Structures are given as C-alpha cells and as structure tokens.
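Mapping of the sequence shown onto numbering that gives the first Met the number 0: position 166 corresponds to residue 165, and the numbering continues sequentially without gaps. Virtual Cβ for every residue (Gly too), placed ideally from N, Cα, C. Keep in mind that this is a model prediction, so the values were computed, not measured. First the structure, in the form of structure tokens, and then the observations on it.
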Amino acid sequence: MRDEKLKSCLKTTETTLMETFRSTARGREELCLRVNEAETGQPELQWTGVGDLRFLTSLGEVREQSQSWLSLDCLRQLLTAHSSNSVFDLMLREVVLKALGEWEHPFPESELCHCRVVATDLVDTAILAGAHTPERVSRQTNASTQCGTCRPDVEAILAYRLSQVD
Ligand code: FES
0 MRDEKLKSCL
10 KTTETTLMET
20 FRSTARGREE
30 LCLRVNEAET
40 GQPELQWTGV
50 GDLRFLTSLG
60 EVREQSQSWL
70 SLDCLRQLLT
80 AHSSNSVFDL
90 MLREVVLKAL
100 GEWEHPFPES
110 ELCHCRVVAT
120 DLVDTAILAG
130 AHTPERVSRQ
140 TNASTQCGTC
150 RPDVEAILAY
160 RLSQVD
C-alpha cells in the first residue's frame, strides 16, 4: 500500500520523468529536454528554454516538430532541420547529442587557460554567443593571450561546436 502511494507521488499526471538533458550558456540562454515515459510506454519529449525572442521562436518550432516525431531516433532529424551556427542551433545540437549518448566535448576540464585563469564554460559561452574564430574567443575571454599553450584546445572546442551534422 505504501509502495503504491510512493509510486503515485513519483508520477506526474500522465508521464514519468526518465531523464533530463541540458545546455546552458552562463546566465544567458538555456535549453532543456525532458524525456518522459508516457502511459503508453512511448517516450514523450518536453522542451523548455530561456532566451530572446528569436531563441524562443526556434524553441516553438522544435516543440512542433517533436510532436510529430515520436521516437528518440527522430531527434536526429532535428539536427538536420536546425544546422546553422545560431546560438539556438548550437545548443540544440548539444542537447540532442547528449540525449543520443553521443556528446563528447573535446575539453573536459573546468579551467581551459591557466595563464589567464579562464574557465572552459566561459569559452564555450563565447562560442555559443558568436565568437567563431580563435581570435574572437581570445578577445572576448582573454584565453590564449599569454603563452598560447591552450590555443589548440580553443580550436578543438570551436571545431567540435561548429561541426556540421552529417
Ligand atoms: S595557458 Fe592559455 S595563454 Fe597560457
């Protein structure tokens, strides 16, 4: 009896939360995908996000597209439909690849530039926001402006973030 009560508490009205995948840009945009298990046993995708009007318009498109694509495999189609280097599409790519178990960020440590004490997520945020060359990343974050040892890591993140989906 107690187990039944506990189960009903864990359940939302019609679905059970299976997993959450997120992309965040340091106090700026955020994109989140919740995968729920519906009573039918099918996965149900729930998108939420924070951003400007353009970002939210893209989010609305993805919500509509997700309703007609029921399986997780169909998430891949979203990547084809949203393959630009806009902040929304870059974050969508991260979230979808995380959901598919294919996200492999090339620099897993939290601090990227030791000379200038620049965090990896600051570099990531700058790239998401439009710094799409190593020079622009350096100008915006101060990374790679002393010994230069970290420049290949900046380039690797840029290449990974901006790579097009096949
Ligand atoms: S480690 Fe980044 S400039 Fe030296």
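Residue pairing by DSSP places Glu-18 opposite Val-34 in a beta bridge. When rounded, the separation of the alpha-carbon atoms in Thr-140 and Arg-21 is 23 Å. Minimum Cα-Cα distance from Glu-28 among the listed residues Gly-40, Thr-47 and Leu-16 corresponds to Thr-47. Taking C-beta atoms as the reference points, Leu-44 and Leu-89 fail to come closer than 8 Å.
With fewer than 16 other beta carbons inside 10 angstroms of its own, Ser-83 counts as exposed. Exclusion of the five residues before and after Ser-109 leaves Ala-118, Thr-119 and Asp-120 as the residues of its chain whose Cβ lies within less than 8 Å of its Cβ. Distances from the CB of Ser-109 to the heavy atoms of ligand 1 are all 7 Å or more.
The C-alpha of His-104 lies about 12 Å from the C-alpha of Val-94.
The beta-carbon distance between Glu-36 and Met-17, rounded to whole angstroms, is 5 Å. This is short enough to meet the 8 Å contact definition. A distance below 7 Å between beta-carbons, with the five flanking residues on each side excluded, links Arg-115 to the following residues of its chain, in chain order: Asn-141, Ala-142, Thr-144 and Gln-145.
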